[in-house]
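Number of protein chains: 2
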Amino acid sequence: MSKPIVYGPRYSTYTRAVIMALLEKRVDHAVVHVDMDEQEHKAPEHLARHPFGLLPAFQHGDFAIYETVPILNYIDDAFPGVRLAPADILRRTRAAQIMSVINSYGYRPMVWGIFVPRTFPQPGKPVDEKAIAEAVPKARQALQAIEDLMLNPDPFLVGRQISLADLLLVPIIHYFAGTPEGAKILPHYPKLMAWHTIIQSRPSVLETVPKVLSGVE
Amino acid sequence: MSKPIVYGPRYSTYTRAVIMALLEKRVDHAVVHVDMDEQEHKAPEHLARHPFGLLPAFQHGDFAIYETVPILNYIDDAFPGVRLAPADILRRTRAAQIMSVINSYGYRPMVWGIFVPRTFPQPGKPVDEKAIAEAVPKARQALQAIEDLMLNPDPFLVGRQISLADLLLVPIIHYFAGTPEGAKILPHYPKLMAWHTIIQSRPSVLETVPKVLSGVE
Chain A
1 MSKPIVYGPR YSTYTRAVIM ALLEKRVDHA VVHVDMDEQE HKAPEHLARH PFGLLPAFQH
61 GDFAIYETVP ILNYIDDAFP GVRLAPADIL RRTRAAQIMS VINSYGYRPM VWGIFVPRTF
121 PQPGKPVDEK AIAEAVPKAR QALQAIEDLM LNPDPFLVGR QISLADLLLV PIIHYFAGTP
181 EGAKILPHYP KLMAWHTIIQ SRPSVLETVP KVLSGVE
Chain B
218 MSKPIVYGPR YSTYTRAVIM ALLEKRVDHA VVHVDMDEQE HKAPEHLARH PFGLLPAFQH
278 GDFAIYETVP ILNYIDDAFP GVRLAPADIL RRTRAAQIMS VINSYGYRPM VWGIFVPRTF
338 PQPGKPVDEK AIAEAVPKAR QALQAIEDLM LNPDPFLVGR QISLADLLLV PIIHYFAGTP
398 EGAKILPHYP KLMAWHTIIQ SRPSVLETVP KVLSGVE
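First to last, the sequence lines map onto chains A and B. Residues 1 to 217 in this note's numbering are what the first sequence spells out, letter by letter. Residues 218 to 434 in this note's numbering are what the second sequence spells out, letter by letter.
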């Protein structure tokens, strides 16, 4: 079967999580860029891959998948290599809960509520400080929930092995930690802070640092 | 281990899906009512179970879980009986995608955008027809996506066996089908219509019909 293809920009947090899963499993793959600034994710070509116009989309042979958590689980199940879903039911459930908390409560305030307006302010317009201030308690609530779901004593979110939950969270925390709000809030969550420090040196993390963070163009 | 407990009102679509999973697996369980009209889901007792104050929450021995999809997968994995996650990777992935589409795009417009304002209009206030009209295309987009993800020829969403995706969708379509908008929209999706007709007679569906639909108080 042909090698899998990830459709999405490398700077998209969900696209990055999928690429990291492929790197962790050592799966040869291709990444096809979809430029959000150019609205390519809303063009017919991408809507055929993802009817809601979001990122990423995934293709393996003639099997196409959209929605990140199903893509991650497919990659884990379809390819050999390290298992990214914990074998233990309690750890697997906590990982699934963390992914659900990220998607339902954490991603939007941390990325769209804080990171994007802080990092890419609209030219000639003041930053909407009120909107950012409203996102802060939502981000804190999600981070507290994730901290409470983490299992100790373990380097990763739910154990000694990296999991799909780690991969989903890394790109989001990576962006969030670089904002003034993130730098101020994150130290309140010591388990998450320790996790973030350790996971920084993971090859799949280092190999996927977005240009917006590395400063390299 | 003590029998599992579901915390939530039987009229909540997500609570009903969890109860149906327990019935399908023939797991002896208890349901503890949490009354949304009385704001019991925002009370400290429930926030200790679900920090975001949503429904349902789940307890099995000393292991507590919130977020419906992780609860459903835990029930499927922890208890004997019929498997609700398809063994085949393609069917399992399609089921996961359908669950993700329900949660991210389908639930809100169908239940909160259309069913709730139509069924429980605010006393003395006109129904917000503009808000309902805005929810209709969103509901249609989600239904089209689910229809496209269904695998044929099969009585259930992704195969000959009922899956977690069927359980998550039934309570939502059940409510939606009873609204004028649902009655008008659903016939555009012939696979979903056939599915809804067949699944109506499933014992786990019949045993969990909410009083708001059965008319029995």
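Even for Gly, the Cβ is constructed at its ideal location relative to N, Cα and C. None of the values given here were measured: they were computed from a predicted structure.
A:L157 sits close to A:A95, with the two beta carbons spaced by under 8 Å. When secondary structure is reduced to three states using DSSP, B:Y228 falls in the coil class, being assigned neither helix nor strand.
Scanning the stretch 255-303 of chain B for uninterrupted alpha helix (DSSP H) segments of 4 residues or longer gives 261-264 and 285-295, listed from N- to C-terminal end. Of A:E129, A:K125, A:D148 and A:G113, the smallest CA-CA separation from A:A135 is found for A:G113. In terms of Cβ geometry, A:N152 and A:K211 do not form a close pair [threshold 8 Å]. Listed in chain order, the non-local C-beta contacts of B:P334 below 8 Å within the same chain comprise V344, D345, A348 and I349, local neighbours out to five positions each way being set aside. Contact annotation for B:I306 against chain A: Y74, D77 and A78 [CB-CB distance below 8 Å, chain order].
Three or more Cβ pairs closer than 8 Å define a contact, and the stretch 161-171 of chain A meets that threshold against the stretch 96-110 of chain A.
A:R49 counts as buried, since at least 16 other C-beta atoms from the protein chains shown sit within 10 angstroms of its C-beta. Among the bridge pairs identified by DSSP, A:G159 is matched with A:F156. Looking only at A:D88, A:A145 and A:T119, the smallest Cα-Cα distance to B:L264 is reached by A:A145. The beta-carbon separation of A:S163 and A:P86, rounded to 6 Å, stays under the 8 Å limit for a contact.
Secondary structure at B:V344: coil, using DSSP grouped into helix, strand and coil.
In the structure shown, B:V244 adopts coil according to DSSP, grouped into three states.
The three-state secondary structure of A:V6, taken from DSSP, is strand.
In the displayed model, A:V32 falls within a strand according to three-state DSSP.
Measuring C-alpha to C-alpha distances from A:Y7 to each of A:P121, A:R140, A:A43 and A:T119 identifies A:A43 as the nearest. Take the alpha-carbon of A:A57 and the one of B:D305: they are about 21 Å apart.
Assignment of alpha helix (DSSP H) within the stretch 166-209 of chain A, counting only whole runs of 4 or more residues, yields 180-185, 190-199 and 203-206 in chain order. By the Cβ-count criterion, A:D76 is buried, with 16 or more other Cβ atoms from all chains shown falling within 10 Å of its own Cβ.
Here A:M150 carries a coil assignment [DSSP, helix/strand/coil]. Interface with chain A (8 Å Cβ-Cβ cutoff): B:Q358 is included.
A:Y66 reaches chain B at Q314, counting residues in chain order whose Cβ is nearer than 8 Å. Per DSSP, the continuous alpha helix (DSSP H) segment holding B:P334 begins and ends at V333 to T336.
For the 8 Å CB-CB criterion, A:T13 and A:I199 do not form a contact.
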